[in-house]
Amino acid sequence: MNSDKGARTEARSTAAFNRIGPRSGTAFRLAKGDILHVVDPEGGQVGDLLAFAADDVRELLSNGRTFDYEETIRLTAGNRLWSNRSRAMLEIVEDSVGVHDFLLTPCSEATFRHFYPAKPVHRGCFGNLAEALAPFGIEPDAIPVAFNLFMNVPVSPNGTIEVLPPPTRPGDHIRLRALCDLVIGLTACSAYDSCGGTFKPIDYRVETANRPRRNGEDKST
């Protein structure tokens, strides 16, 4: 699916992409007006995305507020992602896939024990995000439901959900504009079902206006 609803023409950065290795994560600052460009380089991979207000990390991405204000659970280009304090944090400006999940929490050690008892336990996206976000003063208990990029979670008419492999092909991508200064957490998902049983990298870069880089900002700018 190639959705261009509400998409805008943006100046593209020529900076190289950063790679998040399979089953790992990172965190960085994203300034207001910057574009976060996330790519699935090999196809079939989910990335968990979190956002916190840089000036007060108790303000964070909220799926409930987002569903309420956007009046849909199918979020794509033209939609905004809202905080628990009813502030728009990110706007999706480009989306080559149109399939993402904002219902399920980041996978964790408990997830692996519950759903994959015959497989080795992994700390999952939750553990990866907790480690990456700790330098920004974000505690594990503050990690909310993630905006799960490219994750395929259909909801049936009777309300049941299932997790299917991502529909992404190599090079599929999403671009999100920061509507305020943010701290971002981003992973290459670790769960078997989310990624169709394989684990691949996620690429990203920050596309900025011409301005000095601040301390803690991603060096891809």
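Start counting the sequence shown at 31; every next residue gets the next number (this note's numbering).
No residue lacks a Cβ here, since even glycine has one placed at the ideal position from N, Cα and C.
Model, not experiment: these values are computed from the prediction.
{"Query": "List the endpoints of the continuous beta strand (DSSP E) containing A162.", "Result": "First-last for A162: G154 to L163, but that is the alpha helix (DSSP H), not the beta strand (DSSP E)."}
{"Query": "On a CA-only basis, which of N158, A140 and D64 is nearest V123? Give me that one, please.", "Result": "D64"}
{"Query": "Identify whether E124 lies in helix, strand or coil by the three-state DSSP scheme.", "Result": "strand"}
{"Query": "From which residue to which residue does the beta strand (DSSP E) around D70 run?", "Result": "I65 to D70"}
{"Query": "Alpha carbon to alpha carbon, how far is I204 from S186?", "Result": "26 angstroms"}
{"Query": "So within the segment 86-146, which uninterrupted beta strand (DSSP E) runs reach at least 3 residues, ignoring any that extend past its ends?", "Result": "110-112 and 118-125"}
{"Query": "To the nearest angstrom, report how far apart Y146 and L216 are at their CA atoms.", "Result": "23 angstroms"}
{"Query": "Give me the residue from T198, L212, G128 and D211 with the minimum Cα distance to P71.", "Result": "T198"}
{"Query": "Roughly how many angstroms lie between the CA atoms of L179 and F97, to the nearest whole one?", "Result": "16 angstroms"}
{"Query": "Tell me whether the segment 149-165 and the segment 75-93 touch, counting them as touching only if at least three CB pairs, one residue from each stretch, are closer than 8 angstroms.", "Result": "yes"}
{"Query": "On the three-state DSSP scale, how would you describe A176?", "Result": "coil"}
{"Query": "Since M119 contacts L209 with CB under 8 angstroms, what's their CB separation in whole angstroms?", "Result": "6 angstroms"}
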